[in-house]
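Position 13 of the sequence shown, counting from 1, maps to 12 under numbering that gives the first Met the number 0, and the rest follow consecutively.
Okay, structure first, notes after.
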Amino acid sequence: MEDLIVARNSVVDLEGVDLSDLDQFADGPPYELFARMRAEAPVHWNPLADEPGFWSLTRFRDIEAVSRDHETFSSAAGGVFLRTERGPVPLEMLRGVILGMDPPLHDRVRGIVQRVFVPRMIAEREASIAERVDRLIDSVIERGSCDFVQDVAVELPLQVIAEMLGVPQDDRMLLFELTNQLSHAAALGDPTQGEQAIMALGFYMAEMVLERRENPGDDLVSKIVSAELDGERLLDEEVVPFCALLMFAGNDTTRNTASGAVRALLENPDQRRLLAENPALIPGAVEEFLRWVTPVIHFRRTATRDTQIGGQRIAAGDKVTMWYSSGSRDEEVISDASRFDVTRAKVDHQAFGGGGKHFCLGAQLARMELRILFTRLLERIPEMELAGPVTRLRSNFGNELTSLPITFPAGRTRRG
Numbered sequence: 000m001e002d003l004i005v006a007r008n009s010v011v012d013l014e015g016v017d018l019s020d021l022d023q024f025a026d027g028p029p030y031e032l033f034a035r036m037r038a039e040a041p042v043h044w045n046p047l048a049d050e051p052g053f054w055s056l057t058r059f060r061d062i063e064a065v066s067r068d069h070e071t072f073s074s075a076a077g078g079v080f081l082r083t084e085r086g087p088v089p090l091e092m093l094r095g096v097i098l099g100m101d102p103p104l105h106d107r108v109r110g111i112v113q114r115v116f117v118p119r120m121i122a123e124r125e126a127s128i129a130e131r132v133d134r135l136i137d138s139v140i141e142r143g144s145c146d147f148v149q150d151v152a153v154e155l156p157l158q159v160i161a162e163m164l165g166v167p168q169d170d171r172m173l174l175f176e177l178t179n180q181l182s183h184a185a186a187l188g189d190p191t192q193g194e195q196a197i198m199a200l201g202f203y204m205a206e207m208v209l210e211r212r213e214n215p216g217d218d219l220v221s222k223i224v225s226a227e228l229d230g231e232r233l234l235d236e237e238v239v240p241f242c243a244l245l246m247f248a249g250n251d252t253t254r255n256t257a258s259g260a261v262r263a264l265l266e267n268p269d270q271r272r273l274l275a276e277n278p279a280l281i282p283g284a285v286e287e288f289l290r291w292v293t294p295v296i297h298f299r300r301t302a303t304r305d306t307q308i309g310g311q312r313i314a315a316g317d318k319v320t321m322w323y324s325s326g327s328r329d330e331e332v333i334s335d336a337s338r339f340d341v342t343r344a345k346v347d348h349q350a351f352g353g354g355g356k357h358f359c360l361g362a363q364l365a366r367m368e369l370r371i372l373f374t375r376l377l378e379r380i381p382e383m384e385l386a387g388p389v390t391r392l393r394s395n396f397g398n399e400l401t402s403l404p405i406t407f408p409a410g411r412t413r414r415g
């Protein structure tokens with residue numbers, strides 16, 4: 000094994016590629032570059048001018064291994080975003096969110112909230128989500144056109160998570176703006192904007208938590224506040240950031256997957272027709288949507304001790320970035336990975352991370368929302384075409400479309 004270990008300065012340079020440069024992501028994740036990195040330098044050193052650099056991991060198995068080894072690769076030590084000093088959330092603030100925690104604190108918080116996030120609780124939302132999907136389709140179907148991102152993809156997960164948390168629907172756009180500010184802060188490396196957004200979101204959630212402690216209801220915040228594990232409950236300073244994270248992650252990632260999936264169906268009309276004619280394929284297709292889009296492009300860890308990945312020596316304190324968008328298209332794991340195929344029998348992807356303790360708590364909810372959305376959408380609007388320029392957020396963190404104009408044959412509302 001020792002003869003496989005190489006020094007940092009001998010790693011293939013790939014002509015000085017810098018994945019902190021947002022120009023690399025102007026058109027979305029740089030899939031061709033990632034493919035080259037997987038082949039030539041799957042563990043690649045990326046220097047930075049203004050702070051210590053990081054190792055880039057682009058292979059599925061390496062990302063999975065790091066994700067599952069929380070003792071060697073820490074979320075709390077240096078944060079989970081590409082940069083420490085210019086991340087969207089200050090490091091000390093991030094350590095108060097489950098995303099930036101390590102065991103045992105992480106296990107305590109997750110163990111308690113998992114008492115709430117049970118399959119039955121998610122399954123009970125199915126009828127409500129289906130009704131919301133139909134209302135959204137009703138709102139655009141007579142027009143014969145819409146901006147799918149703004150009119151449907153933004154609204155569905157936002158309405159769902161607001162209802163689950165007990166947020167008044169009139170407040171949902173305020174919270175959408177705050178979560179959007181966080182997305183933009185992550186894209187721009189703007190900790191000031193990120194701190195302002197998370198503080199405002201935190202203040203809002205703190206008021207909700209206080210009110211639910213005094214007047215509990217049947218909403219998710221009330222259930223999290225009262226959840227116990229071995230007689231222990233979460234403190235307010237643990238509940239508030241967790242609920243703020245739910246508001247962000249509960250709408251941002253599902254919105255981006257839905258938007259990216261519709262774009263893929265527009266670009267692959269044979270796949271769209273296949274699903275419209277065979278709705279039984281949709282649950283499996285949802286996994287292909289998740290793989291194809293992989294809405295979170297990266298997270299980062301910090302090595303707690305000297306180790307190695309793929310024969311490359313990693314020193315204690317080194318930053319290691321997991322490029323999920325690359326892992327989800329790794330040819331060593333996924334056959335014909337650059338092809339969009341809704342009929343895949345087995346779909347490996349890293350849309351919810353690489354596994355381990357930080358695996359996405361909302362995965363079941365996201366899958367259900369996407370399944371219901373595309374079942375109803377392709378039943379009621381089976382034919383659609385792109386109607387104008389597609390725009391996106393220039394980001395190496397979120398794979399986010401901001402506008403997707405489409406046209407389709409006008410139809411009737413359920414009342415019409």
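Cβ atoms here follow ideal geometry from the backbone N, Cα and C, with glycine treated the same way.
Since we're looking at a predicted model, the values are computed, not measured.
It is roughly 29 angstroms from the alpha-carbon of GLU276 to the alpha-carbon of PHE351. Contact between the segment 256-264 and the segment 281-294 is present: three or more C-beta pairs spanning the two stretches fall below 8 angstroms. According to DSSP, residue pairing for GLY352 in a beta bridge involves ALA350. Fewer than three pairs of CB atoms, one per stretch, sit closer than 8 angstroms, so the segment 71-89 makes no contact with the segment 226-237. Cα atoms of GLY52 and PRO408: separation of roughly 51 angstroms, rounded to the nearest angstrom. HIS297 sits away from ASN398, with the two beta carbons spaced by 8 angstroms or more. Taking 8 angstroms as the upper bound for CB-CB distance, ILE281 and PHE373 are in contact here, some 5 angstroms apart. Counting other Cβ atoms within 10 Å of its Cβ, GLU206 stays below 16 and is therefore classed as exposed. Residue state for ASN45 is assigned as strand, using DSSP reduced to three classes. Each residue's CA atom was taken as its position, placing PRO118 and LEU360 some 11 angstroms apart. In the structure shown, CYS242 falls within a helical segment according to DSSP collapsed to helix, strand and coil.
In this structure, the CA atom of ARG375 is about 9 angstroms from the CA atom of PRO381.
It is roughly 29 angstroms from the alpha-carbon of VAL115 to the alpha-carbon of SER258. The Cβ neighbour count for ARG142, taken over all protein chains shown within 10 Å, is under 16; the residue is labelled exposed. In the same chain as LEU93, and ignoring 5 residues on each side of it, the C-beta atoms closer than 6 angstroms to its own belong to GLY78, GLY99, in chain order. Segment contact: the segment 213-233 against the segment 167-174, fewer than three CB-CB distances shorter than 8 angstroms; contact not assigned. Assignment of SER55 by DSSP, reduced to helix, strand and coil, places it in the strand class.
The segment 195-206 and the segment 239-252 touch, with no fewer than 3 CB-CB distances between them shorter than 8 angstroms.
In this structure, the CA atom of SER402 is about 6 angstroms from the CA atom of ASP146. Between MET172 and ALA152, the alpha-carbon positions lie close to 13 angstroms from each other.
Per DSSP, reduced to three states, the secondary structure at LYS318 is strand. With a cut-off of 8 angstroms on Cβ pairs, the segment 23-39 is not in contact with the segment 298-308, counting fewer than three such pairs. Contact annotation: the segment 334-344 does not touch the segment 43-50, with fewer than three C-beta pairs closer than 8 angstroms. THR178: member of the alpha helix (DSSP H) spanning 171-187, first to last residue. Within 10 angstroms of the beta-carbon of ASP20 lie fewer than 16 other beta-carbons, which makes it exposed.
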